[in-house]
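K.L.:
Please read through the structure below; I'll follow up with questions.
Numbering (full-length UniProt numbering), first residue to last: 1 to 828.
Written as structure tokens, this is what we have:
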């Protein structure tokens, strides 16, 4: 991966930021509107998709086909209570498909289409990918994308599916909490050493749609997440809605209009309320609110001050305080152990939230970080760390699991009982692998689920079927080792399962053979180190309570590892028997949430078709705009007597202007929606009329300077000829023939230039010039080449003296041994 393509994406519910890691540090990429934030909006029209800033700008006029708020819909079912709460505020049409998933119905290319939220969010990622590619002038593939810490397995997998559809390779789904902490800690040069007490910092991230409070411990070169508390349904938009409801009630009483009954009016009110909220964060006086032609051609006016806003939103601020205290409790930190409280996120600028931080932590909130861009910068840093192409300061990030995960297994006919174990408790470090040991004689299933309250209607994570298990030769169950893992993305999965077969052999082996087996075993152990930390849990045959211990992982594969034990035969003789252990990889069938490969391929193909369609439409629109621009530009110049009007006959000018008027009319009527090639052909036809006139103007304006330059060359030649006639030594080496050649060249060019001036002076401006600038330049070039080759010829070198004379001269120049060297004499 090229260094320039190391990017991090802060994927917000309302807007996104892209940061890139460069040699000079981390930079935020601006989009095609020169803005650093790109709205998470997608709009559909009869001709193309509209993404980002342009999509949000046309929201009011195209509400039903403008889709946003997608981060709250991915990975969920239509009847999910959280989804129903979100859809209540979204103006587009959503429906339930036959699988119970969410479908978003829009009008695209003048046809009705239904897209999933994952497809729509993939379109947003496509826009971000194009923005980064354009800014960095290199293709973008690898990235790190932020994800809320409270996202569950299903939502994380859905986000990975979105990235796959858009053609992005996600190196890591990085928790927004860890990204913020990384962007804070990696630049701190004064962190305590590894043996010292860590620096504990509390972060509050209050964005547009959610609140996350988290505690981190920093040491030099590493950070460890201590605890995270969140309220997924508390953000700036909730403040906006409460204020909008307050003004709606006031307008209904004062103006007898119900803003809530009109989606377009309510969206406008939300936009104005958001501006008012930002003003109140910096100003405690009474501030006005006014909207012209709000509803039923009525203008509305009102006002509010900060204390009124805080009273209206008191319930929200109480939830903020509860979340702060919950994080403090989970972190087990005393107030005097907290170094600082950092705030990020747009809504953390609200003064009431800052006051709550002082109330709970007894500290003034710090604003060390860029409140809007901290997450994207942390993601770019993480991407740089994962990329081999960029060198970054070593910094270890230990994240935590937000919800406890329980793993359960069913009983089997062989006598093994069912059971369960809490594989990953809350705040357990991640990524992490654990090995579970079972004794089974046939295939069995493992189920994982969240243990406790989560912001998701279904606690189930998934079921994994471990297949192809067979009993041992004596009919007894065999040992099966199953690795369960929470990976870099924060997704829990059963990553592998191995059947451990053992058999004994009494045959003796040669020392060479034993040595080879020992080396093979050692190589296998060295090659089977799992990434990250791991632990092993041995589950007894009878399903009793399991115990945990740290140990090395049993690898998979089909190589044989030899363990030698000593057995005693009946007659007392000691005989060596070899115990051969074989690890066989077992197939696993996963029954988890997410699109199948077939669906992903279908959606990816559909996305790339839409990308091609958008590109084709953009080229068509660009061609139409180029034609329209040329019509206006040429007509304006033709009608001006100080511009092209001087270089065309009045009758011809009237004809061209009439043709331009007809072209303008055609553009807004029959030519509104034509093929790209039609516009290209029309433009070429107009240029055949306009460019000759423009060329005559250019010729007329540039010609005097070109002629004057030629005349200057002739004058220089005249001066050189006068010096030659006066026997100037500079030209004494020239022959009479060469001088005559220069004189002839001068006479011929001088006559040609005089004739040219005469012809050009008599030629009318509306006709092509009898002699062009190109011809004058060529004549001057020919003259300069002829004259300069002679006048600039260097004089011949003086003949060198014979060798004997040169030697004698050097001998005469040598001083006597006792004679001092004379002035201006060089010594070798």
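Just so you know, even glycine gets a beta-carbon here, dropped at the ideal spot from N, CA and C.
According to DSSP, simplified to helix, strand and coil, what is residue 20?
P.N.:
Strand, per DSSP.
K.L.:
Please classify residue 659: does DSSP put it in a helix, a strand, or coil?
P.N.:
helix
K.L.:
My assumption, with CB atoms under 8 Å, is that residue 773 sits in contact with residue 702. Please give the rounded CB distance.
P.N.:
6 Å
K.L.:
If we ignore side chains and look at the alpha-carbon of each, how far apart do residue 307 and residue 482 end up?
P.N.:
Cα atoms of residue 307 and residue 482: separation of roughly 58 Å, rounded to the nearest angstrom.
K.L.:
How many Å lie between residue 698 and residue 731 at the Cα?
P.N.:
Here the alpha carbon of residue 698 sits roughly 41 Å from the alpha carbon of residue 731.
K.L.:
Nearest-angstrom Cα distance between residue 687 and residue 60?
P.N.:
40 Å
K.L.:
Classify residue 89: buried if its beta carbon has 16 or more other beta carbons within 10 angstroms, exposed otherwise.
P.N.:
exposed
K.L.:
Can you tell me whether DSSP reads residue 438 as helix, strand or coil?
P.N.:
Residue 438 falls in the strand class under three-state DSSP.
K.L.:
Considering residue 724, what are the terminal residues of the beta strand (DSSP E) in which it resides?
P.N.:
Run containing residue 724: none in the beta strand (DSSP E); it sits in the alpha helix (DSSP H), 676-725.
K.L.:
Going by other Cβ atoms of all chains shown within 10 Å of its Cβ, with 16 needed for buried, is residue 393 buried or exposed?
P.N.:
exposed
K.L.:
With DSSP as the reference, identify every bridge partner of residue 450, one or two as the case may be.
P.N.:
405
K.L.:
I'd like to check one pair, residue 206 with residue 348: are the Cβ atoms closer than 8 Å?
P.N.:
yes
K.L.:
Run the CB neighbour count on residue 830, radius 10 Å, all protein chains shown included, and call it buried at 16 or more, exposed below.
P.N.:
With the chain covering only 1 through 828, there is no way to say anything about residue 830.
K.L.:
Does the distance from the CB of residue 105 to the CB of residue 112 come in under 8 Å?
P.N.:
yes
K.L.:
Excluding sequence positions up to five away, which residues of its chain have a Cβ less than 7 Å from the Cβ of residue 542?
P.N.:
Per-residue confidence for residue 542 stands at a pLDDT of 33, beneath the threshold of 50, marking its modelled position as unreliable; the derived number appears in the next sentence. Excluding positions up to five away in sequence, the list reads 417.
K.L.:
So residue 750 is in the alpha helix (DSSP H); what residue range does that whole segment cover?
P.N.:
736-762
K.L.:
Does DSSP put residue 231 in a helix, a strand or coil?
P.N.:
strand
K.L.:
Counting along the chain, where does the alpha helix (DSSP H) carrying residue 54 start and finish?
P.N.:
Here the alpha helix (DSSP H) through residue 54 covers 53-57.
K.L.:
In angstroms with no decimal places, state the Cα-to-Cα distance between residue 326 and residue 149.
P.N.:
15 Å
K.L.:
At 3 residues or longer, and completely inside the segment 164-205: list those beta strand (DSSP E) runs for me, N to C.
P.N.:
Counting whole runs of 3 or more residues, the segment 164-205 contains the beta strand (DSSP E) stretches 169-175.
K.L.:
Are there three or more Cβ pairs, one per stretch, closer than 8 Å when the segment 37-50 is compared with the segment 245-262?
P.N.:
no
K.L.:
Which of the three DSSP states is assigned to residue 246 in this structure?
P.N.:
helix
K.L.:
In the DSSP assignment, the beta strand (DSSP E) including residue 105 goes from what residue to what residue?
P.N.:
102-108
K.L.:
Using the Cα positions of residue 651 and residue 780, report the straight-line distance between them to the nearest angstrom.
P.N.:
37 Å
K.L.:
Quick one: Cα of residue 69 to Cα of residue 498, how far?
P.N.:
43 Å
K.L.:
So, do the segment 192-202 and the segment 154-171 have three or more beta carbon pairs nearer to each other than 8 Å?
P.N.:
no
K.L.:
Quick one: complete alpha helix (DSSP H) runs, 4+ long, within the segment 354-422?
P.N.:
374-386
K.L.:
Answer with buried or exposed for residue 716, where buried requires no fewer than 16 other C-beta atoms within 10 angstroms of its C-beta.
P.N.:
exposed
K.L.:
Look at the alpha carbon of residue 605 and the alpha carbon of residue 671, and state the distance between them as a whole number of angstroms.
P.N.:
Cα to Cα, the separation comes out at about 32 Å.
K.L.:
Excluding the 5 residues preceding and the 5 following residue 360 in the sequence, name in chain order all residues of the same chain whose CB lies nearer than 7 Å to its CB.
P.N.:
Excluding residues within five positions, the ones whose Cβ falls inside 7 Å are 321, 324, 325, 328.
K.L.:
So, do the segment 376-396 and the segment 333-350 have three or more beta carbon pairs nearer to each other than 8 Å?
P.N.:
They do not touch, by the three-pair rule.
K.L.:
Could you check where the alpha helix (DSSP H) with residue 117 kicks off and where it finishes?
P.N.:
For residue 117, the enclosing alpha helix (DSSP H) begins and ends at 117-136.
K.L.:
How is residue 425 classed by DSSP in three states: helix, strand or coil?
P.N.:
In the structure shown, residue 425 falls within a coil segment according to DSSP collapsed to helix, strand and coil.
K.L.:
Based on Cα-Cα distance, which residue from 82, 341, 628, 377 lies nearest to residue 662?
P.N.:
628
K.L.:
Mapping the DSSP letters down to three states, classify residue 582 as helix, strand or coil.
P.N.:
strand
K.L.:
Would you mind reading off the limits of the alpha helix (DSSP H) that contains residue 615?
P.N.:
597-638
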